[in-house]
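Participant: Residue numbers (the numbering used here), protein chains in the order written: chain L, 63 to 279; chain Z, 63 to 279.
Quick one: the structure is below, questions incoming.
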């Protein structure tokens, strides 16, 4: 068994593996699939990882911790983890959609966490996530170093390819209390990417990320 | 004591109450304030509420659960809760900023959850959140009914004030795989609000929310 322990309520795990394309219809018009468990698992996984990083990096600030956590729980990463822990072949699907584009695996991975949580409780889920996932399949130090510093990366790219790029940032009000920045990456009068954020740095990072996606396809 | 139990590690609670304006500087250049605990508490609170709503509303779908959860954990609501449970006067601050605008109270509230979690563990924190907060200070059924249906509300407002408003929505690509909708609420050629979302409905709701903020100040 993937989780390393015997399931108590096997039904929960079946539901966790059931994509909405293979929903089981109930007489009352509702249907059973893994979406509710995904909602629950997403939150539980967030707490477990927040806790783990808090303990593991006692000297880093909350900005670092938040960023590292979002690198771990992003869909692409969760899709990969679903595959690595061997749950992908177990999914119950009825769709011709591109499973990876649709994040079907990553979502089911979260649903599995939700099922483990309901079946075994928070601390067993935590142990499962830490031992079988974080410590087994992820290199956190490497992930932390792999700065999502998209701005530096696109500037490097431009230098290498002898292109001139510039960042143009406007400041505005999102609402009464919130400032908002919109940043654009411009190359030869063409907008490569646009990003919005509560700080200039954040907006630039997002714009650079978009621009990198565009360039590298 | 606010939490209803004796603290084990009192130091944690002091940190939870310390706003960054009153940070304690450490010899190594870093400083102690409640921001790391806020990061942790935010995630733990999210999991506890996700679980509680999952159990409490067994027949509602994940869209309903997600929406209700975000109504509970939004800053304005957390600011109020901090006040209601009596922690606001205990905050350690050194600022003339508007405390409510800055969400200082809501953030400290999350930090308190982080402190309780580290001090007492997940299940005691869960009990504290459910008994002393969710069941004591929030009417979830009322909150659930209070549909954030901003579109209906602004249409009602317009009818009442005999104004004509319209929603204009554009569809675009956010990235290769993601569709993006941008919606605008227009009144007499003036843009009252703009919203972005992965569905037309979502974009319209956000635009309507902005427009309502603008109108009602």
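Beta carbons are placed, not taken as given, at the ideal position from N, Cα and C, and that holds for glycine.
Using CA coordinates, which residue listed in 183/Z, 278/Z, 114/Z, 74/Z is at the minimum distance from residue 202/Z?
Facilitator: That would be 114/Z, whose Cα lies nearest to the Cα of residue 202/Z.
Participant: Using a Cβ-Cβ cut-off of less than 8 Å, list which residues of the stretch 113-127 of chain L approach chain Z; keep chain order.
Facilitator: So the close ones are 113, 116, 121, 123, 124, 127.
Participant: Using the beta-carbon of each residue, which ones in chain Z are nearer than 7 Å to residue 109/L?
Facilitator: Going along chain Z in sequence order, the residues near residue 109/L (Cβ under 7 Å) are 105, 106, 108, 109.
Participant: Can you have a look at residue 87/Z and say buried or exposed, based on whether 16 or more other CB atoms are within 10 angstroms of its CB?
Facilitator: It is exposed - the Cβ of residue 87/Z has fewer than 16 other Cβ atoms within 10 Å.
Participant: At 4 residues or longer, what runs of the alpha helix (DSSP H) sit wholly inside the stretch 139-225 of chain Z?
Facilitator: DSSP runs (the alpha helix (DSSP H)) wholly in the stretch 139-225 of chain Z: 166-182, 184-190, 202-207, 212-222.
Participant: Roughly how many angstroms separate the alpha carbons of residue 269/L and residue 100/Z, rounded to a whole number?
Facilitator: Each residue's Cα considered, the two are about 28 Å apart.
Participant: Which residues in chain Z have a C-beta closer than 8 Å to the C-beta of residue 75/L? List them in chain order.
Facilitator: Per Cβ cutoff of 8 Å: no residues; residue 75/L is ~16 Å from chain Z at best.
Participant: Whose CA, out of 190/L, 257/L, 176/L, lies closest to the CA of residue 71/L?
Facilitator: Closest option to residue 71/L, Cα to Cα, is 176/L.
Participant: Please check if any C-beta of chain L sits within less than 8 Å of the C-beta of residue 153/Z.
Facilitator: Taking Cβ atoms only, chain L never reaches closer than 8 Å to residue 153/Z, which makes this a no.
Participant: Output the boundary residues of the beta strand (DSSP E) element that contains residue 99/L.
Facilitator: That residue, residue 99/L, is in no beta strand (DSSP E); its alpha helix (DSSP H) goes 97-118.
Participant: Taking only beta-carbon atoms, is residue 132/Z less than 8 Å away from chain L?
Facilitator: It does not; no Cβ of chain L falls within 8 Å.
Participant: For a test of the three-state rule: what should DSSP assign to residue 229/L, helix, strand or coil?
Facilitator: Of the three classes helix, strand and coil, the one that applies to residue 229/L here is strand, per DSSP.
Participant: When you compare each of 195/Z, 158/Z, 157/Z to residue 174/Z by their alpha carbons, which one comes out closest?
Facilitator: Comparing Cα-Cα distances from residue 174/Z to each of 195/Z, 158/Z, 157/Z, the minimum goes to 195/Z.
Participant: Consider the Cβ of residue 245/L: report whether some Cβ of chain Z lies at a distance smaller than 8 Å.
Facilitator: No, residue 245/L does not count as interfacial toward chain Z.
Participant: When you compare the CB of residue 98/L with every CB in chain Z, is at least one pair closer than 8 Å?
Facilitator: Closer than 8 Å: yes.
Participant: When the Cα of residue 235/L is compared with those of 246/L, 260/L, 253/L, which residue comes out closest?
Facilitator: Checked all of 246/L, 260/L, 253/L; the closest Cα to residue 235/L is 260/L.
Participant: Going along the chain, which residues of the stretch 74-93 of chain L sit with their C-beta nearer than 9 Å to a C-beta in chain Z?
Facilitator: For the stretch 74-93 of chain L, which is checked against every Cβ of chain Z, the residues closer than 9 Å are 90, 92.
Participant: Please decide whether residue 184/L counts as near chain Z, where near means a Cβ-Cβ distance under 8 Å.
Facilitator: Yes - at least one Cβ of chain Z is within 8 Å of the one on residue 184/L.
Participant: Flag this pair as touching only if the stretch 110-128 of chain Z and the stretch 140-156 of chain Z have three or more C-beta atom pairs under 8 Å; answer yes or no.
Facilitator: Not touching, per the Cβ criterion.
Participant: Against residue 102/Z, what residues of chain L qualify as contacts under a CB-to-CB distance less than 7 Å, listed in chain order?
Facilitator: Neighbours of residue 102/Z on chain L, chain order: 112, 113, 116.
Participant: Helix, strand or coil: which one does DSSP assign to residue 128/L?
Facilitator: Reduced to three states, the DSSP call for residue 128/L is helix.
Participant: Starting from residue 276/L, trace the alpha helix (DSSP H) in both directions and tell me its first and last residue.
Facilitator: Residues 262-278.
Participant: When the Cα atoms are used, what is the spatial distance from residue 141/L to residue 186/Z?
Facilitator: Cα to Cα, residue 141/L sits roughly 33 Å from residue 186/Z.
Participant: Tell me which same chain residues have a C-beta within less than 7 Å of the C-beta of residue 181/L, skipping the five on either side of it?
Facilitator: 69, 70, 71, 74.
Participant: Can you list, in chain order, the residues of its chain whose CB lies under 6 Å from that of residue 216/Z, leaving out five sequence neighbours each side?
Facilitator: 270, 273, 274, listed in sequence order.
Participant: Check this for me: beta carbons of residue 213/Z and residue 266/Z, under 8 Å apart or not?
Facilitator: Yes. Within cutoff.
Participant: Which residues does DSSP pair with residue 248/L in a beta bridge?
Facilitator: Partner(s): 228/L, 253/L.
Participant: Please look up how many angstroms separate the CB atoms of residue 11/L and residue 146/L, rounded, as I've assumed it's under 8 Å.
Facilitator: Only positions 63 to 279 of chain L appear in the structure, and residue 11/L is not among them; the question remains open.
Participant: Between the C-alpha atoms of residue 107/Z and residue 138/Z, what's the straight-line distance to the nearest angstrom?
Facilitator: Distance between the alpha carbons of residue 107/Z and residue 138/Z: 15 Å.
Participant: In three-state terms, what does DSSP make of residue 86/Z?
Facilitator: DSSP places residue 86/Z in strand when its eight states are reduced to three.
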